[in-house]
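1 is the number of the first residue of the sequence shown in full-length UniProt numbering; add one for each residue after it.
C-beta: ideal position from N, C-alpha, C; glycine also.
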Amino acid sequence: MAEIKVVGVVGCGQMGTGIAQLAAVHGLNVWLHGRNPVALSRAKTFIAGNVRRMISKGRISQAKGDNALSLLSYTTNLEDFQDADIVIEAIVESEDAKKNLLRQLDRIVKPSGILASNTSAISITRLASATSRPRQVIGMHFAYPPPVMKMVEIVRGADTSDGTLLATKALAERFKKTVICSQDFAGFIVNRILMPMINEAFHALYTGVATKEDIDAGMKLGTNHPMGPLELADFIGLDVCLSVMKILHAGLGDNKYLPCPLLLQYVDAGRLGRKHGIGVYDYRDAAKQAQPSARL
């Protein structure tokens with residue numbers, strides 16, 4: 001398979017923006033797609049700020065930073081992906097939404113192009129079934145935030161070709177990432193282990209085992225985790241955690257993956273974590289008092 005030179009990214013939220021930045025910093029031409037022009041403009045500003053900070057901290061040279069920004073293009077039109085060698089979708093964690101997008105991309109992207117999903121839990125085989133090119137569909141799950149975290153989890157569907165796998169691994173390695181490979185089972189490696197831990201932390205809180213602070217402190221100090229599971233859930237987004245637990249339960253058919261009622265209740269109440277100002281913890285007062293945080 002030919003070397004990847006042009007990368008398309010669909011989704012200008014935190015994940016998509018981070019993936020686009022990563023690709024541009026490593027010398028690839030990048031198209032970043034967003035349906036909302038305002039959100040797309042926000043992503044452009046965010047990436048420019050991040051690159052400037054990388055330059056100021058000596059992580060990259062001025063020339064490399066300037067080149068990265070020149071390699072980025074922004075679009076609201078998927079048709080601009082027709083010459084992409086790989087398109088990475090980073091939209092909402094919904095199988096229906098991802099399948100619908102992949103159907104559109106299958107029609108647009110050149111026949112040799114790879115379609116990669118940043119899904120953290122959904123079956124790649126099922127996503128590939130929405131296309132006419134299942135051999136060129138693969139999972140490429142970046143850890144958040146993509147420019148910082150060292151891992152990329154690659155998931156091969158039932159029909160993914162050797163060429164697609166090798167090209168995707170080579171791309172991740174060009175990004176200076178450590179590649180781990182998973183079979184196509186619900187949750188793959190990371191979320192198969194992480195989300196049940198987070199869910200169990202919610203059960204501990206729900207049943208009064210301990211306070212949220214002590215649950216998190218216990219895992220940080222007792223197991224050397226950098227963040228407690230409830231704090232991490234807020235960072236990820238409680239809606240995302242709930243979605244993954246539902247996928248695990250449906251895909252693996254074991255009631256141990258049933259979401260904790262407290263997690264369900266928090267999501268129903270709109271307590272989705274840091275992005276909404278409140279989740280397990282309340283961040284609203286701190287946000288008012290804090291200076292703008294450093295972007296990664």
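Handout entry: Of the residues Ile47, Asn100, Asn191 and Gly65, the one placed nearest Gly18, counting alpha carbons only
Key = Ile47
Exercise for the section: Kindly provide the ranges of any alpha helix (DSSP H) runs that are 4 or more residues long and lie completely inside the stretch 148-186, ordered along the chain. Expected result: 162-174
Exercise for the section: Output yes or no for whether 7 Å exceeds the beta carbon distance between Gly11 and Ala90. Expected result: With respect to the 7 Å criterion, Gly11 and Ala90 are classified as neighbours on the basis of their beta carbons.
Practice task
Alpha carbon to alpha carbon, how far is Ile189 from Gly208? Give it in angstroms, no decimals.
Solution key: 30 Å
Exercise for the section: Keeping to the same chain, check which residues put their C-beta closer than 8 Å to that of Ile108; ignore five residues upstream and five downstream. Expected result: Leu78, Glu79, Phe81 and Gln82
Practice task
Could you give the DSSP three-state label for Val109: helix, strand or coil?
Solution key: coil
Handout entry: Beta-carbon separation (whole angstroms), Gly273 vs Ile236, contact threshold 8 Å
Key = So it is a contact: roughly 7 Å between Cβ atoms.
Practice task
Could you tell me whether the stretch 31-40 touches the stretch 62-79, where touching means 3 or more Cβ pairs closer than 8 Å?
Solution key: yes
Handout entry: Those runs of the alpha helix (DSSP H) which lie wholly inside the stretch 9-53 and span at least 4 residues
Key = Runs of the alpha helix (DSSP H) spanning 4 or more residues and lying entirely within the stretch 9-53 occur at 14-25, in chain order.
Problem - Closer than 6 Å: Ala43 CB and nearest the ligand NAP heavy atom - result: As for the ligand NAP, it is missing from this structure, which has no ligand bound.
Problem - Endpoints, the beta strand (DSSP E) within which Leu272 is located - result: Counting along the chain, Leu272 falls outside any beta strand (DSSP E), and DSSP gives it neither H nor E.
Handout entry: Helix, strand or coil at Gln291 according to DSSP, with G and I counted as helix
Key = Note that Gln291 scores a pLDDT of 39, beneath 50, so its modelled location is shaky and nothing firm can be said.
Exercise for the section: Indicate whether Met245 and Met195 have their beta-carbon atoms separated by less than 7 Å. Expected result: In contact: Met245 and Met195 (Cβ atoms closer than 7 Å).
Exercise for the section: Return helix, strand or coil for Gly253, following the three-state DSSP convention. Expected result: coil
Problem - Same chain, Cβ closer than 6 Å to Ile124, five either side skipped, listed in chain order - result: Gly139, Val155, Gly157 and Asp184
Exercise for the section: Would you identify the three-state DSSP class for Ala217, choosing helix, strand or coil? Expected result: In the structure shown, Ala217 sits in a helix (DSSP, three-state: H, G or I).
Problem - Inter-residue Cα distance where the pair is Leu115 and Ala97 - result: When only Cα atoms are considered, Leu115 and Ala97 end up about 15 Å apart.
Handout entry: Proximal residues to Val280 (C-beta, below 6 Å), its chain only, five neighbours per side dropped
Key = Lys212, Leu230 and Asp234
Practice task
Report all residues from its chain with a CB closer than 6 Å to the CB of Leu263; omit the five preceding and five following residues, and keep chain order.
Solution key: Phe202 and Leu242
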